[in-house]
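Mapping of the sequence shown onto this note's numbering: position 342 corresponds to residue 342, and the numbering continues sequentially without gaps.
Built from N, CA and C at the ideal position, the CB exists for glycine as well.
Accompanying notes for the structure given below.
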Amino acid sequence: MIIKELTPAGLKEFINSEEFQQLNIIPITKHRALSHINNPRVDRDDVILFIAYQDNELAGYLGVLADTIYLNSEEHKVGWLSCIWTSEKVRGKGVAKQLLSAALNSWNNKILATEFTPAAKSLYDQTAAFMDFTTLLGRRAYLRFNLHELLPPKGFPTMLSGLLKIGDATLNIFNSLRLLGWGPSINIDHLNLEYIKVIDDETKGFIEKRHKNELIRRGAEELSWINKYPWVLSSPEEDSDALRYHFSSSVKVFNNLNIKLMSNEGEVIAFMMIVVRGNNLKIPYCYFDEEHIGKIVQVIYHHMFELNLNMVTTYNSAISNYFLSHRTPFIYNKQMSRSYLISKELGKNLTDKQQIHMQDGSGDCAFT
């Protein structure tokens, strides 16, 4: 077996090659590759895609997102495991383990991971290279019924799924009447709100004052990169790349909205990046002083109502606590958790006093 290691320059050449065009299964989409290539934290020698070949056929691949973290005020160059896949033809032959070993070696064992599948967690445990890092607790709250998305397991009969859709539609008729009473509460006309495409200097300064104690500390340059180079595109149909790629690359609705909230005096009091994927909302980045939590939640409610969204997921402790301690328009909300692993090599830099502060979009979570 051969493992090809691609740096940003190598990846750019690969996605423009005839080999890429002819592959039945691709290890990365072009727009995801462009995101990795234009990552402001990637260096020219960073290996960001590992491709395994067996008998000249693609046998598997592993992607790494280049990043920087801060442990006890020290800066560390790291990589996040962002995807791993192996062909059914080579399952059980140790291809995934070899890919992971190549990544650990290339990145000097300075690797983190999150939102991994049970199978991936088992693989990471087998290497004995990782340790538990931290777990974020949050809430997932449901504004409308969407049982047809939540309940059916893989292979669920189409007819029964259709019945769930009918059930959702029926329940949401009555639910819409209930939500009418929330109209005045979700009105944001009194808020000084601005949608921004580019992170301006004022917002940049506001963020930098508030991310000093974070693990990753993404600033204006990184947030602009996330906006400009998404991994998932909005499209009515899947294109040829999407049909050849194992992971999500396009959905009917995927939008990033950057919201700046200002005081009556025109000073920035909050910045939010919200992501709308399908009928669901996430908040990868949110900076505010807790005295303004009520305004932040109003903005969330407003967008869920106006965009007809079903649910919101957040790991922001202030927002989660607000959902628990206040009357909300939600039908139901439940606790969520997101676990992080860190390589033992990086873990050497941790102390008992290390406080781990992360935004919801840490790692590659802002892209998915």
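Assign A270 to buried or exposed, taking buried as 16 or more other Cβ atoms, counted over all protein chains shown, within 10 Å of its Cβ. Indexing the sequence shown from 1 puts residue 270 at position 270. Classification of A270: buried, given that the 10 Å Cβ count is 16 or more.
Contact check, F323 vs R139 under 8 Å by CB: the rounded distance? Reading the sequence shown from its first residue, position 323 is the one you call residue 323. Reading the sequence shown from its first residue, position 139 is the one you call residue 139. Right, the Cβ-Cβ distance comes to about 5 Å (below 8 Å), so this counts as a contact.
Going straight from the alpha carbon of F288 to that of A102, what length do you get? To locate residue 288, count along the sequence shown from 1; it is residue 288. To locate residue 102, count along the sequence shown from 1; it is residue 102. So the alpha carbons of these two residues sit roughly 41 Å apart.
Three CB pairs or more closer than 8 Å across the segment 17 to 33 and the segment 236 to 249: Contact between the segment 17 to 33 and the segment 236 to 249 is present: 3 or more CB-CB pairs across the two stretches fall below 8 Å.
In the DSSP assignment, find the unbroken beta strand (DSSP E) run with Y142 in it and report its ends. For the purposes of this step, residue 142 is taken as the residue at position 142 of the sequence shown. It spans 130 to 142 - the beta strand (DSSP E) in which Y142 sits, taken as one unbroken run.
Could you work out which residue in N56, N108, S73, K110 is closest to V90 when comparing CA atoms only? The residue you call residue 90 lines up with position 90 of the sequence shown. Comparing Cα-Cα distances from V90 to each of N56, N108, S73, K110, the minimum goes to N56.
Spatial neighbours of N175 within its chain, please: CB distance less than 8 Å, with the 5 preceding and 5 following residues excluded, ordered by chain position. Counting from one through the sequence shown, the residue named residue 175 turns up at place 175. Excluding positions up to five away in sequence, the list reads R144, F145, I331.
Roughly how many angstroms separate the alpha carbons of L375 and W231, rounded to a whole number? The displayed coordinates of the chain run from 1 to 368. Any statement about residue 375 would go beyond what the structure contains.
Alpha-carbon to alpha-carbon, K110 and T351: Counting from one through the sequence shown, the residue named residue 351 turns up at place 351. Counting from one through the sequence shown, the residue named residue 110 turns up at place 110. Roughly 17 Å separates the two Cα atoms.
Answer yes if the segment 67 to 84 comes into contact with the segment 249 to 257, meaning at least three C-beta pairs across the two stretches below 8 Å, and no otherwise. Using a Cβ-Cβ distance cut-off of 8 Å, the segment 249 to 257 and the segment 67 to 84 are not in contact, since fewer than three pairs of beta carbons, one from each stretch, lie closer than that value.
For A141, count neighbouring C-beta atoms within 10 Å of its own C-beta (all shown protein chains included) and say buried if the count is 16 or more, exposed if not. Counting from one through the sequence shown, the residue named residue 141 turns up at place 141. Flag for A141 reads buried.
Opposing strand residues paired with T86 [DSSP bridges]: The residue labelled residue 86 in the question sits at position 86 within the sequence shown. Under the DSSP definition of a beta bridge, T86 partners with G60.
Shortest alpha-carbon distance to D45 belongs to which of I51, G10, G167, I26? Stepping through the sequence shown from its first residue, residue 45 is reached at position 45. Measuring from the Cα of D45, the nearest candidate turns out to be G10.
What residue does the alpha helix (DSSP H) around K295 start on, and which one ends it? For the purposes of this step, residue 295 is taken as the residue at position 295 of the sequence shown. Segment 293 to 306, the alpha helix (DSSP H) holding K295.
Can you give me the start and stop residues for the alpha helix (DSSP H) that L11 sits inside? Indexing the sequence shown from 1 puts residue 11 at position 11. DSSP places L11 inside the alpha helix (DSSP H), whose first and last residues are 8 to 15.
Cβ-based neighbour list, S337, same chain, cut-off 8 Å, excluding 5 preceding and 5 following: As a working note, residue 337 is residue 337 in the sequence shown. The answer, listed in chain order, is T135, L136, L137, G138.
Anyone know if the C-beta pair for F130 and L341 falls short of 7 Å? Taking the sequence shown and counting its residues from 1, one reaches residue 130 at position 130. Taking the sequence shown and counting its residues from 1, one reaches residue 341 at position 341. Yes; because the gap between Cβ atoms is below 7 Å, this pair is in contact.
Could you check whether V47 and P8 sit closer than 7 Å to each other, using their CB atoms as the reference points? Position 8 of the sequence shown, counted from the start, is the residue given in the question as residue 8. Position 47 of the sequence shown, counted from the start, is the residue given in the question as residue 47. Taking 7 Å as the cut-off, the Cβ atoms of P8 and V47 do not count as close.
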